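Asks: Let me give you the structure first, and then I'll get to my questions.
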Amino acid sequence: MDVILNQIVSNINLYLWNYLIIFILIGAGLFFTMTTGAVQIRMFKEMVRLVASGAGTKTDKNHVSSFQAFCVSTASRVGVGNIAGIAIAVVLGGPGAIFWMWVIALIGSATGFIESTLAQIYKEPIAKGGFYGGPAYYIRYGLNSKFLSILFAILITITFGWIYNSVQANTLAASLHTFGIDVTYTGIVVSVLLGLIIFGGIQRVAKISEIIVPIMAVLYIGTALFVVLMNIQEFPAMIHKIVSSAFDPYAAGGGFMGATMMNGIKRGLFSNEAGEGSVPNAAATAAVHHPVEQGLVQAFGVFLDTFIICTSSAFIVLIVGDYSITGLTGIALVQHNLEAQLGAWAPYAVTVFIIMFSFSSLVGNYYYGEININHLTDKKYVLHLFRIGVVAMAFIGSIASLDLVWNLADLFMAFLVLTNVSSILRMGRTAGLALDDYIKQRKAGIQTPVFNRNVLNHTYGIVWWGDGQTTDSSVPATPLEETIEK
């Protein structure tokens, strides 16, 4: 029965992702690129400034800083796929797949900006300090659609909090099993550590992510950079191969160029998550003075994920030896190349990266679930039951075979994309007006623009942002006139 169900779900996913979801995400990215005047290019310098200035910022009253929210979203989107997925894309689509991965990331960052800015505009304050928000919130309050908001909240809670976490735990346990460590022991340790973090609440998750993510990223990028420097004479030829094979009809093992494009596009979309509605959940929790501030920070996350971390994996695969004759793919190919370059200890280093990437994803994925549980209900026992479920699924995932679970996650994710993108396409103008206001203030010499909700074409559903009389983003400026049904 499981085999039949798995095949049915797999066929549905094949149709949805290859013929519908990919084109919806690309179309949305192109639309937002045009309507924002290519915000991801003209505001790139501002993105870097905001991320750099936010690192190490202290907050109080249980608030999450802009940089912490950025780290949480990066923790979730940067997973094992950034290592294994890139190697698979190169093997299946050739070096040109990396070029198309770059293209789709550049387009998708505009979508990432829109959804994260909207998440900030429609966020809700928490009584004990901090914020909740995300697609469920801006769909509920911005579009006044209670049904769609509940649907999205349920889908993302199950997909990220339970299903995706079981898959991440499975990958982590499998990587350690190659060194003789029983998956049961791994499952116990992972579950206990995860429980200690998530039962500490969303602020503890943010603090842990702020520590793990920079270390994880620096170590992996540093390893890739070292490999490139060791083979620097091959670097120009590698870049030429990536670009030229992107337009070569027979680059992908004699296949048509479509294989090259599709593998690069799919890897870019799956990796950076722009449009899926996951990242806005983290973006909304940040305490900032203007929604666009966090929108730009999260848009930079797409660049970090794809242009830096995924590209690091691509360089490891392409610059050492000839990947096409090894007969390897995924993690095994990356381990093989690093071992050839760095020595017998390299596979152990890759395992460390897998552990860090997987565990950071476990923490980040939980974060999205808590935010949406609180949208559905304020009953604490429900949140505690969800947390118990997260811990249990991490253990089950460590010891189980998860082909069906992974396919179900992809199916749920397709539904998330359809719900989220159809919503932000209708609300994009709101984020655009906020962007215009931010740029206007920056041009006027204001270092830290302050948001005034009256610059928008409506104020219904905006429960936090006041009329701009204060620069303290931890206190609402004025009460909201409208009464919003909870």
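With our numbering, letter number 457 in the sequence shown gets 461, and the count goes up by one each step, no holes. Virtual Cβ for every residue (Gly too), placed ideally from N, Cα, C. These numbers were taken from a predicted model, which means no experiment stands behind them.
Using only the alpha-carbon positions, how far apart do Val409 and Ile443 sit?
Replies: Locating residue 409 in the sequence shown gives position 405, where the first residue counts as 1. Locating residue 443 in the sequence shown gives position 439, where the first residue counts as 1. Cα to Cα, the separation comes out at about 44 Å.
Asks: Out of curiosity, what's the CA-to-CA distance linking Thr40 and Gly281?
Replies: Taking the sequence shown and counting its residues from 1, the one referred to as residue 40 is at position 36. Taking the sequence shown and counting its residues from 1, the one referred to as residue 281 is at position 277. Roughly 19 Å between the two C-alpha positions.
Asks: Are there 16 or more other CB atoms within 10 angstroms of the CB of Phe71, so buried, or fewer, so exposed?
Replies: Here the question's residue 71 lines up with position 67 in the sequence shown. By the neighbour-count rule (16 or more Cβ atoms within 10 Å), Phe71 is buried.
Asks: Consult DSSP for Tyr136 and reduce its assignment to one of helix, strand or coil.
Replies: Within the sequence shown, the letter at position 132 stands for residue 136. DSSP places Tyr136 in the strand class (E or B) of the three-state scheme.
Asks: Looking only at its chain, what residues have a beta carbon closer than 6 Å to the beta carbon of Val231, apart from the 5 residues adjacent to it on each side?
Replies: By 1-based counting over the sequence shown, the position of residue 231 is 227. Here the set comprises Ile320 and Gln345.
Asks: Since Ile377 and Thr161 should fall inside the 8 Å C-beta cutoff, what is the C-beta to C-beta distance between them, to a whole number of angstroms?
Replies: The residue you call residue 377 lines up with position 373 of the sequence shown. The residue you call residue 161 lines up with position 157 of the sequence shown. Indeed, because the Cβ distance is near 6 Å, the residues count as touching under 8 Å.
Asks: Going by the DSSP bridge assignment, what does Pro129 pair with across the sheet?
Replies: Locating residue 129 in the sequence shown gives position 125, counting from the first residue. Under DSSP, Pro129 shares a beta bridge with Phe135.
Asks: Please go through the same chain and pick out, in chain order, the residues whose beta-carbon is closer than 7 Å to the beta-carbon of Gly199, but skip the five residues on each side of it.
Replies: As a working note, residue 199 is residue 195 in the sequence shown. The residues are Val395.
Asks: Can you tell me which of the three DSSP states Ala348 falls into?
Replies: Within the sequence shown, residue 348 is the residue found at index 344, counting from 1. Residue state, collapsed to three classes: coil.
Asks: Less than 8 Å separating the beta-carbons of Val499 and Leu437?
Replies: With the chain running from 5 to 490 in the structure shown, residue 499 is simply not present.
Asks: Return the Cβ separation of Gly401 and Asn169 in integer angstroms, given the expectation that the two are a contact with Cβ distance under 8 Å.
Replies: Residue numbering aside, residue 401 sits at position 397 when the sequence shown is read from its first letter. Residue numbering aside, residue 169 sits at position 165 when the sequence shown is read from its first letter. Rounded to whole angstroms, the Cβ separation of Gly401 and Asn169 is 7 Å, and the two are in contact under 8 Å.
Asks: Would you check if the distance between the CB atom of Gly137 and the CB atom of Lys127 is smaller than 8 Å?
Replies: Counted from its first residue, the sequence shown places residue 137 at position 133. Counted from its first residue, the sequence shown places residue 127 at position 123. In contact: Gly137 and Lys127 (Cβ atoms closer than 8 Å).
Asks: Could you tell me the boundaries of the alpha helix (DSSP H) in which Cys75 lies?
Replies: Along the sequence shown, one-based indexing puts residue 75 at 71. Unbroken alpha helix (DSSP H) run through Cys75: Ser70 to Arg81.
Asks: Could you tell me the distance, in whole angstroms, from the CA atom of Met261 to the CA atom of Gly272?
Replies: Here residue 261 is taken as the residue at index 257 of the sequence shown, counted from 1. Here residue 272 is taken as the residue at index 268 of the sequence shown, counted from 1. With a pLDDT of 49 at Met261, under the threshold of 50, the predicted position of this residue should be treated as unreliable, though the coordinate-derived value follows. Met261 and Gly272: Cα-Cα distance of roughly 17 Å.
Asks: Taking the beta carbon of Ile236 as the centre, do at least 16 other beta carbons fall within 10 Å, making it buried, or is it exposed?
Replies: Within the sequence shown, numbered from 1, the residue matching residue 236 stands at position 232. Here Ile236 is exposed. Its C-beta has fewer than 16 other C-beta atoms within 10 Å.
Asks: I need the straight-line Cα distance from Ser275 to Val68, nearest angstrom please.
Replies: The residue you call residue 275 lines up with position 271 of the sequence shown. The residue you call residue 68 lines up with position 64 of the sequence shown. If you take the alpha carbons of Ser275 and Val68, they lie about 24 Å apart.
Asks: Who are the near neighbours of Val55 in its chain, counting only those whose CB is closer than 6 Å to its CB and skipping five residues on each side?
Replies: What you label residue 55 is simply residue 51 of the sequence shown in a count that begins at 1. Excluding the 5 residues flanking it on each side, Val55 has same chain C-beta neighbours closer than 6 Å at Val301 and Phe304, in chain order.
Asks: Taking DSSP as the reference, what is the three-state secondary structure of Ala290?
Replies: Translated into the one-based positions of the sequence shown, residue 290 becomes position 286. When secondary structure is reduced to three states using DSSP, Ala290 falls in the strand class.
Asks: Is the beta carbon of Gly116 sitting closer than 8 Å to the one on Val247?
Replies: Reading the sequence shown from its first residue, position 112 is the one you call residue 116. Reading the sequence shown from its first residue, position 243 is the one you call residue 247. No.
Asks: In chain order, what residues of the same chain have a beta carbon less than 8 Å from the beta carbon of Ala491, not counting five sequence neighbours either side?
Replies: In the structure as shown, the chain starts at 5 and stops at 490, and residue 491 therefore has no counterpart that could be examined.
Asks: What span of residues does the alpha helix (DSSP H) with Gly465 cover, start to end?
Replies: Taking the first residue of the sequence shown as 1, we reach residue 465 at position 461. It is not in any alpha helix (DSSP H) - Gly465 carries neither H nor E in the DSSP assignment.
Asks: Going by DSSP in three states, Asn276 sits in which element: helix, strand or coil?
Replies: Position 272 of the sequence shown, counted from the start, is the residue given in the question as residue 276. Correct three-state label for Asn276: helix.
Asks: Closer than 8 Å is the cut-off here; do at least three beta carbon pairs connect the segment 356-372 with the segment 216-234?
Replies: These segments touch.
Asks: Run through DSSP, which three-state label would Ile329 get?
Replies: Here residue 329 refers to the residue found at position 325 when the sequence shown is read from its first residue. In this structure, Ile329 counts as helix in the three-state DSSP scheme.
Asks: With a threshold of 8 Å on Cβ separation, who are the neighbours of Asn17 within its own chain once the five nearest residues in sequence on each side are excluded?
Replies: Taking the sequence shown and counting its residues from 1, one reaches residue 17 at position 13. Answer for Asn17: Asn411, Asp414, Leu415 and Ala418, listed in chain order.
Asks: Give the DSSP-derived three-state secondary structure of Gln451 in the structure shown.
Replies: Numbered from 1 along the sequence shown, position 447 holds the residue referred to as residue 451. Gln451: coil per DSSP, three-state reduction.
Asks: What is the DSSP secondary structure of Met261, reduced to helix, strand or coil?
Replies: On the sequence shown, residue 261 is found 257 positions in, with the first residue counted as 1. Unreliable placement is indicated for Met261, whose pLDDT of 49 sits below 50; the coordinate value is still reported in the next sentence. Here Met261 sits in helix by DSSP.
Asks: In the DSSP assignment, find the unbroken alpha helix (DSSP H) run with Ile154 in it and report its ends.
Replies: For the purposes of this step, residue 154 is taken as the residue at position 150 of the sequence shown. First-last of the alpha helix (DSSP H) with Ile154: Lys150 to Ile160.
Asks: Take Gly4 and list the residues in its own chain whose beta-carbon comes closer than 8 Å to its own, dropping the five residues that flank it on each side.
Replies: This structure cannot settle anything about residue 4, because the visible part of the chain is limited to 5 through 490.
Asks: If you draw a straight line from the C-alpha of Ala250 to the C-alpha of Thr434, how long is it?
Replies: As a working mapping, residue 250 is identified with position 246 in the sequence shown. As a working mapping, residue 434 is identified with position 430 in the sequence shown. About 36 Å.
Asks: Take Ala350 and list the residues in its own chain whose beta-carbon comes closer than 6 Å to its own, dropping the five residues that flank it on each side.
Replies: In the sequence shown, the residue the question calls residue 350 occupies position 346. These residues qualify, in order along the chain: Leu342 and Glu343.
Asks: Roughly how many whole angstroms lie between the Cα atoms of Gly470 and Ala131?
Replies: As a first step, residue 470 must be located in the sequence shown, where it is residue number 466. As a first step, residue 131 must be located in the sequence shown, where it is residue number 127. Rounded to whole angstroms, the separation of the alpha carbons of Ala131 and Gly470 is 17 Å.
Asks: Run the CB neighbour count on Ala114, radius 10 Å, all protein chains shown included, and call it buried at 16 or more, exposed below.
Replies: Looking up residue 114 in the sequence shown gives position 110. When all chains shown are included, Ala114 counts as buried.
Asks: Under three-state DSSP, which class holds Thr115?
Replies: Counted from its first residue, the sequence shown places residue 115 at position 111. Correct three-state label for Thr115: helix.
Asks: Tell me which residues share the same chain as Met38 and place their Cβ nearer than 6 Å to its Cβ, disregarding the 5 neighbours each side in the sequence.
Replies: In the sequence shown, counting from the first residue as 1, residue 38 sits at position 34. Hits under 6 Å: none found.
Asks: If I measure Cβ to Cβ from Ser179 and keep anything under 6 Å in the same chain, skipping five residues before and after, which residues do I get?
Replies: Position 175 of the sequence shown, counted from the first residue, corresponds to residue 179. Short of 6 Å from the beta carbon of Ser179, and not among the five residues preceding or following it, lie these beta carbons of its own chain, in chain order: Thr355 and Ile358.
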